[in-house]
Amino acid sequence: MLFVNILLMNLLIALFSFTINDIQTQARYVWAYDRCDIIRTYHARPALFPPFTFLISIMQCFQWCWKKLYRNRNGKEEQSQCFKMIPINDDVDHAWLEFERYSTNGYIRQLLDDQATALVKGTTTDVTSESSSNNADELKRIKTLVTDIQTRFVQMETRCDRWITDMKEA
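Remember, the numbering used here sits 1398 above the position in the sequence shown when you count from 1.
Below you can see the structure in the form of structure tokens.
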């Protein structure tokens, strides 16, 4: 009995250690993604606070002019300020893409849930305030739209029939 308890205890320890390692790996990915998002957000922003941001803009204008003059003299290309990740191997790229897909799906799911709750809240207040005359007007409008769509469908069908007969004759 003692031997079985020791085996079960070792199994639990191994299971928890695997779970903790998996959580730490996921936490590193989340941390790296959030860090990259912060860097992307603040990459192009000026370093000074708002009253002094014009100094940064003037300095950037002078730097741009200097680079244009310097490049024209030496004929060198200026470096692009493209900001993206270039993975070293395919495993890192695959893991990064999988993490981005998971994060994007979570974000979209959260947005859809928020929209659904806002829509439900909006419809509950709208349902109580609607009157039967509004419903009748809406029904008439829908009927006219349906008849309009039916006539357009018939017109398209006749056009297609003409095209088919023209193709058969040719």
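Even for Gly, the Cβ is constructed at its ideal location relative to N, Cα and C.
Predicted model only: the values in this text are computed from it and were never measured.
Residue range of the alpha helix (DSSP H) that includes R1433:
For the purposes of this step, residue 1433 is identified with residue 35 of the sequence shown, where counting begins at 1. Its alpha helix (DSSP H) spans residues 1400–1440.
Own chain, CB closer than 8 Å to T1515, minus 5 neighbours either side, in chain order
The count along the sequence shown starts at 1 and reaches residue 1515 at position 117. Short of 8 Å from the beta carbon of T1515, and not among the five residues preceding or following it, lies no beta carbon of its own chain.
Let me know the secondary structure DSSP gives A1514 once reduced to three states.
The residue labelled residue 1514 in the question sits at position 116 within the sequence shown. Reduced to three states, the DSSP call for A1514 is helix.
Can you tell me the Cα-Cα spacing of R1560 and R1507, whole angstroms?
By 1-based counting over the sequence shown, the position of residue 1560 is 162. By 1-based counting over the sequence shown, the position of residue 1507 is 109. R1560 and R1507 have their C-alpha atoms roughly 47 Å apart.
Can you tell me the Cα-Cα spacing of E1555 and N1533, whole angstroms?
Here residue 1555 corresponds to residue number 157 of the sequence shown, with the count starting at 1. Here residue 1533 corresponds to residue number 135 of the sequence shown, with the count starting at 1. Near 33 Å, if we compare the C-alpha coordinates of N1533 and E1555.
Indicate whether L1446 and I1454 have their beta-carbon atoms separated by less than 7 Å.
The sequence position of residue 1446 within the sequence shown is 48, counting from 1. The sequence position of residue 1454 within the sequence shown is 56, counting from 1. Contact flag set, yes.
Straight-line gap, M1457 to I1421 (C-alpha atoms, nearest Å):
The residue labelled residue 1457 in the question sits at position 59 within the sequence shown. The residue labelled residue 1421 in the question sits at position 23 within the sequence shown. Between the alpha carbons of M1457 and I1421 lies a gap of roughly 45 Å.
Suppose you measure from the CA of R1438 to the CA of D1564; what does that come to, to the nearest Å?
Taking the first residue of the sequence shown as position 1, residue 1438 is located at position 40. Taking the first residue of the sequence shown as position 1, residue 1564 is located at position 166. Their backbone Cα atoms lie some 58 Å apart in a straight line.
Which same chain residues, not among the five before or five after A1493, have their C-beta less than 8 Å away from its C-beta?
Walking along the sequence shown from the start, residue 1493 turns up at place 95. Answer for A1493: Y1427, listed in chain order.
Rounded distance between the beta-carbons of Y1431 and S1501, thought under 8 Å:
Here residue 1501 corresponds to residue number 103 of the sequence shown, with the count starting at 1. Here residue 1431 corresponds to residue number 33 of the sequence shown, with the count starting at 1. The beta-carbon distance between S1501 and Y1431, rounded to whole angstroms, is 6 Å. This is short enough to meet the 8 Å contact definition.
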